[in-house]
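Working notes for the structure below.
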Amino acid sequence: MNDNLNINKACRKYLLKDTDVRLNIILTLLIAIGFNFLLYKNVFASRGDAYVLLMLYVFILGFTIIGSNAMVVNLTAKDKLNKRIEFILASGFDIKDIIRSYTKEMWVISSIPSFVLFFMTYVVYDFKIDFKLIFAVYISLFIMLYFEVLLFNIISLYQKNFKFFKNLVFFASSLLIYLVASFSKHIIEFIDKHNVNLVYVLLGINIVLIIIFASLSIIKYKKLSNEAVINKEGTWS
């Protein structure tokens, strides 16, 4: 137990000192301030609750994935490249315990700025939607992101090209934010046309993603072994 707590503490300390992690946290907080400033000035008043909720959802999803992916690459992947993982394993640790500790710290740290965004938006904007439904969307998204971080951590141990893996997730997340922001009006019109509540659509998406990420991460987690990780080689280029 004490050994696991030491890993958690070391992981947290390393991540909070990492430049990329700090920049991602600052960026998300700036986005939160900017978005809520526009809400406060009623810039999006004519677009309604659905637009605000959709953008809030995409911002939280996109920036949490970008932030957690940076942590996965800068800690898990680099530990693998620098052979620190092998050194820790040689000290008697199980790779499953290490990944579980890394995942927990990454999940918590990447979720803090997203929670600030969620809280600020709820305080600044007067949602007509029931708070319980909005909170359900946030909590289910929060749970889904845990399994996403766990899956990315496990996958990173078996990657041959870490730089490609990092860039792929970054650009995919950035593209998601851009496309949803650009076509938000059409997305909302399509949902309204079919008389479906956006909240239930987002909840449905979260539940499906939870099932997918949880299933994949649990399957891969069960197959993790010290020997398999040690024998896998990777490069940054």
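Just so you know, we're using the UniProt record's numbering here: the sequence shown kicks off at 1 and counts up by one.
Where is the CB? At the ideal position from N, CA and C, for every residue including glycine.
Since the structure is predicted, the reported quantities are computational estimates derived from the model, not experimental observations.
- Rounded to whole angstroms, the Cβ separation of Asn69 and Lys166 is 7 Å, and the two are in contact under 8 Å.
- Sequence-distant partners of Leu61 (beyond 5 residues in either direction) whose C-beta falls short of 6 Å from its own C-beta are missing from its chain.
- The residue from Lys41, Phe131, Leu202 and Trp107 with its alpha-carbon nearest to that of Val21 is Trp107.
- Taking a contact as a CB-CB distance under 8 Å, the pair Met71 and Ile109 counts as one, their CB atoms being some 7 Å apart.
- Taking the Cα positions, Ile99 is about 46 Å away from Ser46.
- Judged by DSSP secondary structure, Gly48 falls within the alpha helix (DSSP H) whose first and last residues are Gly48 to Met71.
- With respect to the 9 Å criterion, Leu53 and Phe127 are classified as neighbours on the basis of their beta carbons.
- Ile25 and Phe119 have their C-alpha atoms spaced approximately 16 Å apart.
- Cβ contact annotation for Phe147 (same chain, cutoff 6 Å, sequence separation greater than five): Phe213, Ala214 and Ser217, in chain order.
- The Cβ neighbour count for Glu227, taken over all protein chains shown within 10 Å, is under 16; the residue is labelled exposed.
- In the DSSP annotation of this structure, the continuous segment of the alpha helix (DSSP H) that includes Val108 starts and ends at Ile95 to Val124.
- With respect to Tyr125, Leu39 sits close: the two C-beta atoms are nearer than 9 Å.
- In the displayed model, Gly92 falls within coil according to three-state DSSP, outside both helix and strand.
- Ranking Ala50, Ser225 and Leu75 by CA distance to the CA of Val180 puts Ala50 first.
- A straight-line Cα-Cα distance of about 15 Å links Val229 and Leu151.
- Asp192 counts as exposed, since fewer than 16 other beta carbons sit within 10 angstroms of its beta carbon.
- Rounded to the nearest angstrom, the Cβ distance from Ser140 to Asn206 is 4 Å, consistent with a contact under 8 Å.
- From the listed residues Ile219, Val149, Glu189 and Tyr122, the smallest Cα separation to Thr76 is found for Val149.
- Looking at Lys80, Ala90 and Phe142, the one whose alpha-carbon comes closest to that of Gln159 is Lys80.
- Counting along the chain, Thr28 sits inside the alpha helix (DSSP H) bounded by residues Thr19 to Tyr40.
- Counting other Cβ atoms within 10 Å of its Cβ, Ala32 reaches 16 or more and is therefore classed as buried.
- Asn195 is not a Cβ neighbour of Lys104, given a cutoff of 9 Å.
- Counted as a single uninterrupted DSSP element, the alpha helix (DSSP H) harbouring Lys223 occupies residues Leu198 to Lys223.
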